[in-house]
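Residue numbers (the UniProt record's numbering), protein chains in the order written: chain C, 1 to 50; chain A, 1 to 153. Where is the CB? At the ideal position from N, CA and C, for every residue including glycine. First up is the structure itself, then whatever we jot down about it.
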């Protein structure tokens, strides 16, 4: 993939890499996840359909 | 996004992504993670530098590699990848610091027209409500989902 093609593409072309499976099941950003869960528990999701 | 971006790699579930930032500070490995939250179909977007020594990530490091727009565009690009795979997903994002959150806000603002073609974007305001993202307003966090998410409530 040429970089020009990559930059024009809205939906990206993904290169799969088995090595990244090492992260499966891990939470790499626990503080952010905690904050997300706190806000979602308090406020839920926005209502976008009536 | 029309902004230049790095090519990145993913495992086959599209929950973890890796790319290399290139700049005056050298080659710096970045990791992006989409983690399930306790709310169904909502995923937390995390992103930071990978530390080869500790085998961990740091979302507080200041890389100063002169490519913040390209990095942000790359992260945004993974949102397209992730929601292609999980079209019913909502994505929650906030910065690790107030400065980072403002950087995210700028990134959304600068690309709002294009993002809005495909996504609904909300900001979490000081009153503790999700409101449609408006340029110039301050938010603590962001939430987006594909416009055609048939499961959106």
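*Find out if the Cβ-Cβ distance for the pair residue 91 of chain A, residue 144 of chain A is shorter than 8 Å.*
yes
_For residue 50 of chain C, which residues in the same chain have their Cβ closer than 8 Å to its Cβ, ignoring the five residues on either side in sequence?_
Confidence at residue 50 of chain C is low in this model, with a pLDDT of 48, below 50, so its placement is unreliable and the value that follows should be read with caution. None.
*What do you get for residue 48 of chain A, buried or exposed, if any count of 16 or more other CB atoms within 10 angstroms of its CB means buried?*
buried
*8 Å Cβ cutoff met for residue 119 of chain A and residue 142 of chain A*: no
_residue 74 of chain A and residue 8 of chain A - do their beta-carbons sit closer together than 8 Å?_
yes
*Does the beta-carbon of residue 83 of chain A have 16 or more other beta-carbons within 10 angstroms, so that it is buried, or is it exposed?*
buried
*Which residues mark the beginning and the end of the beta strand (DSSP E) in which residue 44 of chain A is found?*
42 to 51
*asked:* At the 8 Å Cβ level, is residue 89 of chain A part of the contact set with chain C, yes or no?
replied: no
*What does DSSP give as the partner residues of residue 145 of chain A in its beta bridges?*
A:90, A:120
*Hey, could you find the ends of the beta strand (DSSP E) residue 35 of chain A is sitting in?*
26 to 36
*Who does residue 16 of chain C pair with in a DSSP beta bridge?*
A:10
*Is any beta-carbon of chain C found at less than 8 Å from that of residue 46 of chain A?*
yes
*Roughly how far, in whole angstroms, is the beta-carbon of residue 46 of chain A from the beta-carbon of residue 23 of chain C, given that I think they are within contact range, below 8 Å?*
Rounded, the Cβ-Cβ distance is 11 Å, inconsistent with contact.
*Cα-Cα, which of A:42, A:3, A:128 is closest to residue 146 of chain A?*
A:42
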